[in-house]
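*Asks:* Residue numbers for the sequence shown follow my numbering, beginning at 519 and rising by one. Quick reminder that beta carbons are idealized off the backbone N, C-alpha and C, glycines included. Let me give you the structure first, and then I'll get to my questions.
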Amino acid sequence: MENPRRTGQADPELVAASCDGAVDLQVDVGMFVAHAPDSDPDQLRSFATQAAEDAVGELASATDVSWQFYLEEPARLSDHDRRRPSEFLDRATHQMVEGPYDMIVVVTDVQLVSSRERFVPGLASPLARVLVVSTANLRSAPRGKSKRPLDEAAVRWNGATLLIHLVGHVLGAHHRDADGGVMEPFQFEPERREIPPMDADVKRTLRRMAREVPATETTPRGPVARLGFHASSAVRNSGAVTQAVINSRAPLLPLSLPKLSTAAVAPTLVIVFSAETWDVGFHLSNVTAGLFAVTSILTAALYLLFAQKLTFPRKHHEIVTEHTALVNVTVVLVLVLVMVGLFSLVWGIMLVIELVVFPPNLMSNWPSLEEPVVGLVDLVRTGAFISTIGVLSGALAGGLEDRTLISHLTLFLDQP
519 MENPRRTGQA DPELVAASCD GAVDLQVDVG MFVAHAPDSD PDQLRSFATQ AAEDAVGELA
579 SATDVSWQFY LEEPARLSDH DRRRPSEFLD RATHQMVEGP YDMIVVVTDV QLVSSRERFV
639 PGLASPLARV LVVSTANLRS APRGKSKRPL DEAAVRWNGA TLLIHLVGHV LGAHHRDADG
699 GVMEPFQFEP ERREIPPMDA DVKRTLRRMA REVPATETTP RGPVARLGFH ASSAVRNSGA
759 VTQAVINSRA PLLPLSLPKL STAAVAPTLV IVFSAETWDV GFHLSNVTAG LFAVTSILTA
819 ALYLLFAQKL TFPRKHHEIV TEHTALVNVT VVLVLVLVMV GLFSLVWGIM LVIELVVFPP
879 NLMSNWPSLE EPVVGLVDLV RTGAFISTIG VLSGALAGGL EDRTLISHLT LFLDQP
């Protein structure tokens, strides 16, 4: 079914801003506000509309393609607590598929925190093509002074600058230190009354990437076709997926997931002193132990993926867009690497116990051993066998404390 928004027949009430470019391509951007319980969503929608109107001309001029912003229905938050950008990802991917849109902008009035636990005015996810703007940071004022109103000129122009800056990140532009342009690391400037210029290099980057933004979408028939679309999307965009996985530092994430790590390590501290465990570990072949480890890692990753519903969007849709597929592929790869990191953590602990805690002659006198000599390979294989059990117990008993954490650390940049 042809989407009216793709053919320029959108409801005029939904269009927040639009501007035609020199090239016959259009980027459709969905916008929605996520407001605190007692705040006025209309004021936040007015701010979002104004930011889109101020930014759309600059984006069309810089990229040569047409831009159209659509304002969707607001979302009411449950409280005033600070939010990670990944906490808006479920609604954002839902809107992206419903639109369908090429990019989603979330405007919220609660504090936004980065992966380094710092308050930031906004963050972007180039892979998911989602960006989040927080007016709480833009409205903040020096101590002793009241917050700036949303319609203040400084808030307006810093908001528009931030919007273009984050769109630039989504399109592949990087920070350009101390050049005075829009891609300079964002800082709120009280005297700002216009959007900073884009230099020629930034324009070339945006112009090249903007032509690739209009989303590839499909209506797969059945799970096999859906899986095939995810795989083909990942192959076409292997560079972006690889970069996102590298940036996530996934093997180190178990250190940020104490519940998962504890559930994996605790039972192995008992199992490692069990005679039956040593008998099995010593009599396994290296190939069997390796296959058992690989199978356990993949099983644990897939269990977490489906048990904690980490795929996007949460609701089933007939249409699947390419960047939603890329998000899902990246989450799967990161989960696998998280399990690899967890396996390595438990394995290291087991080797320390085997080499340092156990008496050196204990295993050589084990009655079930045909050979009285216990080598390093035997200890490594047994430690690996025990670690696979730890990985499975960690996934089944521990899980993830917060299902948004993986997306938060994986998909979003750590600074505006």
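Kindly list the residues whose CB is nearer than 7 Å to the CB of residue 858, restricted to its own chain and excluding five residues on each side of it in sequence; keep chain order.
*Replies:* Within the sequence shown, residue 858 is the residue found at index 340, counting from 1. Same-chain partners within the cutoff: 769, 815.
*Asks:* State the start and end residues of the unbroken alpha helix (DSSP H) segment that holds residue 706.
*Replies:* In the sequence shown, the residue the question calls residue 706 occupies position 188. Segment: none, residue 706 is in no alpha helix (DSSP H) and carries neither H nor E.
*Asks:* For residue 807, I'd like the list of residues in its chain whose CB is within less than 6 Å of its CB, leaving aside the five on either flank, ordered along the chain.
*Replies:* The residue labelled residue 807 in the question sits at position 289 within the sequence shown. Excluding residues within five positions, the ones whose Cβ falls inside 6 Å are 899, 902, 903.
*Asks:* Kindly indicate the opening and closing residues of the beta strand (DSSP E) around residue 546.
*Replies:* For the purposes of this step, residue 546 is taken as the residue at position 28 of the sequence shown. Element bounds for residue 546: 544-553.
*Asks:* In whole angstroms, what separates the C-alpha of residue 854 from that of residue 767?
*Replies:* Looking up residue 854 in the sequence shown gives position 336. Looking up residue 767 in the sequence shown gives position 249. In a straight line, the C-alpha of residue 854 is about 12 Å away from that of residue 767.
*Asks:* Just grab the DSSP bridge partners of residue 837 for me.
*Replies:* The residue you call residue 837 lines up with position 319 of the sequence shown. None; residue 837 has no bridge partner.
*Asks:* Between the alpha carbons of residue 781 and residue 912, how many angstroms are there, rounded?
*Replies:* Residue numbering aside, residue 781 sits at position 263 when the sequence shown is read from its first letter. Residue numbering aside, residue 912 sits at position 394 when the sequence shown is read from its first letter. Answer to the nearest angstrom: the Cα atoms are 4 Å apart.
*Asks:* Specify the secondary structure class of residue 637 as computed by DSSP and reduced to three states.
*Replies:* Position 119 of the sequence shown, counting from 1, holds the residue named residue 637. Strand at residue 637.
*Asks:* Run through DSSP, which three-state label would residue 588 get?
*Replies:* Position 70 of the sequence shown, counted from the start, is the residue given in the question as residue 588. Looking at residue 588 - three-state DSSP - the assignment turns out to be strand.
*Asks:* Report the CB separation of residue 590 from residue 548 in whole angstroms; it is logged as a contact under 8 Å.
*Replies:* Along the sequence shown, read from residue 1 onward, the residue named residue 590 stands at position 72. Along the sequence shown, read from residue 1 onward, the residue named residue 548 stands at position 30. Right, the Cβ-Cβ distance comes to about 6 Å (below 8 Å), so this counts as a contact.
*Asks:* Can you list, in chain order, the residues of its chain whose CB lies under 6 Å from that of residue 786, leaving out five sequence neighbours each side?
*Replies:* If you number the sequence shown from 1, residue 786 lands on position 268. Excluding residues within five positions, the ones whose Cβ falls inside 6 Å are 864, 904, 908.
*Asks:* What runs of the alpha helix (DSSP H), each 4 residues or longer, lie entirely inside the segment 647-702?
*Replies:* Here the runs fully enclosed are 653-657, 671-688.
*Asks:* Count the other CB atoms within 10 Å of the CB of residue 490; is the residue buried (16 or more) or exposed (fewer)?
*Replies:* Any property of residue 490 remains undetermined from this structure, which presents the chain solely from 519 to 934.
*Asks:* Out of 683, 602, 608, 664, which has the shortest C-alpha to C-alpha gap to residue 572?
*Replies:* For the purposes of this step, residue 572 is identified with residue 54 of the sequence shown, where counting begins at 1. Taking only the C-alpha atoms, the option nearest residue 572 is 683.
*Asks:* Could you say which of 817, 800, 832, 932 lies nearest to residue 893 if we only look at CA atoms?
*Replies:* Residue mapping note: residue 893 aligns to position 375 of the sequence shown, counting from 1. The option with the nearest alpha carbon to residue 893 is 800.
*Asks:* How would you write the range of the alpha helix (DSSP H) that residue 946 sits in, first residue to last?
*Replies:* Residue 946 lies beyond the range of the chain shown here (519 to 934); nothing can be said about it.
*Asks:* Once you ignore the five residues that flank residue 789 on each side, which residues in its own chain have a CB closer than 7 Å to its CB?
*Replies:* Locating residue 789 in the sequence shown gives position 271, counting from the first residue. So the qualifying residues of the chain are 795, 904, 907.
*Asks:* Mind checking which residues open and close the alpha helix (DSSP H) that includes residue 905?
*Replies:* As a first step, residue 905 must be located in the sequence shown, where it is residue number 387. Its alpha helix (DSSP H) spans residues 894-911.
*Asks:* Which value, in whole angstroms, describes the spacing of the CA atoms of residue 812 and residue 843?
*Replies:* Here residue 812 is taken as the residue at index 294 of the sequence shown, counted from 1. Here residue 843 is taken as the residue at index 325 of the sequence shown, counted from 1. Approximately 24 Å between the Cα atoms of the pair.
*Asks:* Using DSSP with H/G/I as helix, E/B as strand and the rest coil, what is residue 632?
*Replies:* For the purposes of this step, residue 632 is taken as residue 114 along the sequence shown, with counting starting at 1. Note: residue 632 maps to coil in three-state DSSP.
*Asks:* Which residue's Cα is closest to the Cα of residue 928: 828, 578, 588?
*Replies:* Position 410 of the sequence shown, counting from 1, holds the residue named residue 928. Taking only the C-alpha atoms, the option nearest residue 928 is 828.
*Asks:* When the Cα of residue 706 is compared with those of 659, 719, 691, 749, which residue comes out closest?
*Replies:* As a first step, residue 706 is located in the sequence shown; it is residue number 188 there, counting from the start. Out of 659, 719, 691, 749, 659 has the C-alpha closest to the C-alpha of residue 706.
*Asks:* What are the boundary residues of the beta strand (DSSP E) that includes residue 536?
*Replies:* Within the sequence shown, the letter at position 18 stands for residue 536. Its beta strand (DSSP E) spans residues 533-537.
*Asks:* Buried or exposed: residue 530, going by 16 or more other Cβ atoms within 10 Å of its Cβ?
*Replies:* The count along the sequence shown starts at 1 and reaches residue 530 at position 12. Per-residue confidence for residue 530 stands at a pLDDT of 48, beneath the threshold of 50, marking its modelled position as unreliable; the derived number appears in the next sentence. Flag for residue 530 reads exposed.
*Asks:* Spatial neighbours of residue 897 within its chain, please: CB distance less than 6 Å, with the 5 preceding and 5 following residues excluded, ordered by chain position.
*Replies:* Working through the sequence shown from its first residue, we reach residue 897 at position 379. The residues are 872.
*Asks:* To which residues does DSSP link residue 622 through a beta bridge?
*Replies:* Reading the sequence shown from its first residue, position 104 is the one you call residue 622. DSSP output for residue 622 lists 548, 648 as bridge partner(s).
*Asks:* Taking the beta carbon of residue 605 as the centre, do at least 16 other beta carbons fall within 10 Å, making it buried, or is it exposed?
*Replies:* In the sequence shown, the residue the question calls residue 605 occupies position 87. With 16 or more Cβ atoms within 10 Å of its Cβ, residue 605 is classed as buried.
*Asks:* Of all the options 910, 771, 688, 777, which has the alpha carbon lying nearest to the alpha carbon of residue 933?
*Replies:* Position 415 of the sequence shown, counted from the start, is the residue given in the question as residue 933. Nearest C-alpha to residue 933: 688.
*Asks:* Buried or exposed for residue 519, going by 16 or more other Cβ atoms inside 10 Å?
*Replies:* Residue numbering aside, residue 519 sits at position 1 when the sequence shown is read from its first letter. Unreliable positioning characterises residue 519 in this predicted model, as indicated by a pLDDT of 32, which lies under 50. The coordinate reading is nonetheless provided below. Classification of residue 519: exposed, given that the 10 Å Cβ count is below 16.
*Asks:* To the nearest angstrom, how far is it from the Cα of residue 924 to the Cα of residue 587?
*Replies:* Counting from one through the sequence shown, the residue named residue 924 turns up at place 406. Counting from one through the sequence shown, the residue named residue 587 turns up at place 69. Roughly 29 Å between the two C-alpha positions.
*Asks:* So what does residue 643 bridge to, in DSSP terms?
*Replies:* Position 125 of the sequence shown holds residue 643. Answer is 648.
*Asks:* Measuring CA to CA, which of 716, 725, 672, 760 is closest to residue 655?
*Replies:* Within the sequence shown, residue 655 is the residue found at index 137, counting from 1. Considering only alpha carbons, the answer is 672.
*Asks:* According to DSSP, simplified to helix, strand and coil, what is residue 914?
*Replies:* Indexing the sequence shown from 1 puts residue 914 at position 396. Residue state, collapsed to three classes: helix.
*Asks:* Assign residue 573 to one of three DSSP states: helix, strand, or coil.
*Replies:* What you label residue 573 is simply residue 55 of the sequence shown in a count that begins at 1. It is helical.
*Asks:* Alpha carbon to alpha carbon, how far is residue 627 from residue 718?
*Replies:* The sequence position of residue 627 within the sequence shown is 109, counting from 1. The sequence position of residue 718 within the sequence shown is 200, counting from 1. So the two alpha carbons sit approximately 34 Å from each other.
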